[in-house]
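Report on the following structure.
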Amino acid sequence: MSLSEISEQPAGYNFAYLDEQTKRMIRRAILKAIAIPGYQVPFASREMPMPYGWGTGGIQVTASIIGPDDVLKVIDQGADDTTNAVSIRNFFARTAGVAMTSRAEEATIIQTRHRIPETPLHTGQILVYQVPIPEPLRFLEPRETETRKMHALSEYGLMHVKLYEDIARHGHIATTYAYPVMVEDRYVMDPSPTPKFDNPKMHMSPALQLFGAGREKRIYAVPPHTKVVSLDFEDHPFSVQEWPDTQCAMCGAEGVYFDEVLLDDRGGRMFVCSDTDYCERRQAEGHFGHLHASGGAGAAAPENR
Amino acid sequence: MRQDPSPDSGAIWPGFSAPALQSQSAFRTVMLALSEPGKVREATERVNAPDPLNPVAAMVLLTLCDVDTSVWLDAEMRAHRELSDFIRFHTGSTIVESPSRAQFAFVSSSRRVPDLKNFAQGSDSYPDRSTTLIVQTEALTNDAGTLLQGPGIETSIRLGIAPLSDTFWDCVRSNHRQFPRGVDVIFCTNTHLAGLPRSTRLASGA
Numbered sequence: 005m006s007l008s009e010i011s012e013q014p015a016g017y018n019f020a021y022l023d024e025q026t027k028r029m030i031r032r033a034i035l036k037a038i039a040i041p042g043y044q045v046p047f048a049s050r051e052m053p054m055p056y057g058w059g060t061g062g063i064q065v066t067a068s069i070i071g072p073d074d075v076l077k078v079i080d081q082g083a084d085d086t087t088n089a090v091s092i093r094n095f096f097a098r099t100a101g102v103a104m105t106s107r108a109e110e111a112t113i114i115q116t117r118h119r120i121p122e123t124p125l126h127t128g129q130i131l132v133y134q135v136p137i138p139e140p141l142r143f144l145e146p147r148e149t150e151t152r153k154m155h156a157l158s159e160y161g162l163m164h165v166k167l168y169e170d171i172a173r174h175g176h177i178a179t180t181y182a183y184p185v186m187v188e189d190r191y192v193m194d195p196s197p198t199p200k201f202d203n204p205k206m207h208m209s210p211a212l213q214l215f216g217a218g219r220e221k222r223i224y225a226v227p228p229h230t231k232v233v234s235l236d237f238e239d240h241p242f243s244v245q246e247w248p249d250t251q252c253a254m255c256g257a258e259g260v261y262f263d264e265v266l267l268d269d270r271g272g273r274m275f276v277c278s279d280t281d282y283c284e285r286r287q288a289e290g291h292f293g294h295l296h297a298s299g300g301a302g303a304a305a306p307e308n309r
Numbered sequence: 062m063r064q065d066p067s068p069d070s071g072a073i074w075p076g077f078s079a080p081a082l083q084s085q086s087a088f089r090t091v092m093l094a095l096s097e098p099g100k101v102r103e104a105t106e107r108v109n110a111p112d113p114l115n116p117v118a119a120m121v122l123l124t125l126c127d128v129d130t131s132v133w134l135d136a137e138m139r140a141h142r143e144l145s146d147f148i149r150f151h152t153g154s155t156i157v158e159s160p161s162r163a164q165f166a167f168v169s170s171s172r173r174v175p176d177l178k179n180f181a182q183g184s185d186s187y188p189d190r191s192t193t194l195i196v197q198t199e200a201l202t203n204d205a206g207t208l209l210q211g212p213g214i215e216t217s218i219r220l221g222i223a224p225l226s227d228t229f230w231d232c233v234r235s236n237h238r239q240f241p242r243g244v245d246v247i248f249c250t251n252t253h254l255a256g257l258p259r260s261t262r263l264a265s266g267a
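Quick look at the structure:
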């Protein structure tokens, strides 16, 4: 994109919306976050033209790193076409004029709400997470002064007690999302409310992972090739969700993260890939599930997919 | 076409010509340098600045420093009035006397890197309240040098820095030992840069 094209953007806005001083402040926080993997760096989060809870942290991080040559992908629970993803994409199309894609491997920056794409990421890509509550210990200890001390001392007994109580009550660790991880043997980190299914993808990922929490005013990061280990016990090792004998109704994929879609009020349901890009690509390659229009099952395609 | 002022004109040297786009591109280079430590990469948004600040160190200065930051200059840099004027004009940063109060510290030559302990180390609770050093050097290479490991490095990487003060790698060792406290270093030649965050350790056993 040329300078003249950029100047055609809405008057009164800097490139990528944020003013330069704000970007510098966020950029300094990002560098500290990268230097101290898993540590939550406080930053002076700004009011954004959308409410807290709509990814204002992720948007501020993206706005501070994005350039005219970037290709942006935005996903919300794995989907490229849901409200949050669409509105954020429109925001950056208007304020930065960058190219958009839904294909995970084509994107240089992927802003995500609560999923990591099924397609493996590669070196040079940046994954930006929208984080509601960055502090993994917050629901166990509401005082910031105390949780900060726990991180300083690397004192995470409380978290292990929480996981143990899961076992005592349910017979297994019942935490299924926002499953706490240990980064580089030092900081316990909240991977944002991604399903624990995605936790193993964070470990030694070739992509840079940045986390932005707008309301809570924290930025943290996991550099590429960094140890990210889900907390567990020797006799209750970490495991991800499995759906035995289940295939995506649209593309027939197995071993991916599924959304359950209710089809009627008589208990009818189907499972589809939560990652729409992955699912559509498989269909384009000729893989069909039992409910796909060309799959011969004759069922109508479900809504919103 | 922009021109750099002649040395004695008293005029301030220009900064970025397109600040929003150039500082973005410059920041991405710096961010990659720290997220993939040791890897030498070219800096494309170089800025000519008064001696002894080299074009890449000037790029880092204009990208990261502003009225909210404090900057420390080593004796060689402080001796150049034009340079402090340049920094004050473009960034508005406070130039501090004590390295332990600096958020950014500029070192004119890797031959004379001060003991890293002199700078702000951050605290156990706030390890981010530490100094980032920008150290100018003549040559950086990944073909030879000290073997590094840590977050951001797939297996290990060699980083050669020339010239280099004798005690530097010892300082890096003790800097890493107090992780998460510690300083981060960005090495800048006239064209290239490489990052050395506190998370990086020497492969020879820290």
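Keeping their order, the protein sequence lines are chains A and B.
Start counting at 1 in the first sequence, then tack on 4, and there's your number in the working numbering.
Start counting at 1 in the second sequence, then tack on 61, and there's your number in the working numbering.
For every residue, glycine included, the Cβ atom is placed at its ideal position computed from N, Cα and C.
Small disclaimer: the values here were computed from a predicted structure and weren't measured.
At least one CB of chain A lies nearer than 8 Å to the CB of B/Pro258.
At a cut-off of 8 Å between C-beta atoms, B/Leu82 counts as an interface residue with respect to chain A.
Near chain B, meaning a CB-to-CB distance below 7 Å, no residue of the segment 233-250 of chain A qualifies. Here DSSP, grouped into helix, strand and coil, assigns A/His164 to helix.
Proximity of B/Leu125 to chain A, defined by a Cβ-Cβ separation below 8 Å, is satisfied. Beta-bridge annotation (DSSP): A/Leu76 is paired with A/Met104 and A/Ile113.
Among the residues of chain B, those whose CB is under 8 Å from the CB of A/His229 are Pro212, Gly213, Ile214 and Glu215, following chain order. Taken in chain order, the complete alpha helix (DSSP H) segments of 4 or more residues contained in the segment 110-180 of chain B are 116-125, 136-139 and 142-152.
If you look at B/Thr207, you'll find it in the beta strand (DSSP E) that goes Ala200 to Gln210. A/Gly128 carries a coil assignment under DSSP once its states are collapsed to helix, strand and coil. Look at A/Gln44 here: in three-state DSSP terms it is coil, with no helix or strand label. Excluding five sequence positions before and after B/Gly221, the CB atoms of its chain that fall closer than 6 Å to its own CB belong to Thr202, Ala205 and Gly206, given in chain order. When secondary structure is reduced to three states using DSSP, A/Pro138 falls in the coil class, being assigned neither helix nor strand.
Here the segment 77-93 of chain A makes no contact with the segment 237-247 of chain A; the two share fewer than three CB pairs at distances below 8 Å. Closest by C-alpha distance to B/Pro175, out of B/Gln239, B/Asp227 and B/Thr152, is B/Asp227. The residue among B/Asp127, B/Thr152, B/Val91 and B/Leu93 with its C-alpha nearest the C-alpha of B/Trp74 is B/Thr152. The beta carbon of A/Arg98 does not come within 8 Å of any beta carbon belonging to chain B, so the residue lies off that interface. If you draw a straight line from the Cα of A/Arg142 to the Cα of B/Ser78, it comes to about 45 Å. For B/Gln182, there are no C-beta contacts with chain A under 7 Å, since the nearest C-beta of that chain is about 12 Å from it.
Between the segment 157-177 of chain A and the segment 248-257 of chain A there are fewer than three inter-stretch CB-CB distances shorter than 8 Å, so the stretches are not counted as touching.
The alpha-carbon of B/Ile156 is positioned some 8 Å away from that of B/Arg149. Residues of chain A whose Cβ lies closer than 7 Å to the Cβ of B/Arg89 are, in chain order, Ile69 and Gly71. Only those residues of the segment 39-71 of chain A whose C-beta falls short of 7 Å from the nearest C-beta of chain B are listed: Ala39, Ile40, Pro41, Tyr43, Val45, Ile69 and Gly71.
Annotation: A/Gly16 to A/Phe96 spans about 15 Å, alpha carbon to alpha carbon. Beta-bridge pairing by DSSP links B/His253 to B/Glu103. Considered as a whole, the segment 202-252 of chain A harbours 212-217, 222-226 and 232-234 as its complete beta strand (DSSP E) runs of no fewer than 3 residues, in chain order. Taking C-beta atoms under 8 Å as the contact rule, A/Leu35 and B/Leu95 qualify, at a distance of about 6 Å.
Cβ atoms of A/Ala39 and B/Ser186 stay farther apart than 8 Å, at about 16 Å.
Proximity of chain A to B/Leu95 at the Cβ level (cut-off 7 Å) is accounted for by Leu35, Ile38 and Ala39, in chain order. Annotation: Cβ neighbours of A/Lys153 in chain B (cutoff 9 Å, chain order): Asp185 and Ser186. A direct Cα-Cα distance of roughly 48 Å separates A/Gln287 from A/Glu148.
Counting along the chain, the unbroken beta strand (DSSP E) around A/Val265 starts and ends at Phe262 to Leu266.
DSSP, reduced to helix, strand and coil, places B/Ile73 outside both helices and strands of the structure shown, so it counts as coil. Check the Cα spacing between B/Pro98 and each of B/Asp245, B/Arg190 and B/Thr250: the tightest is with B/Asp245.
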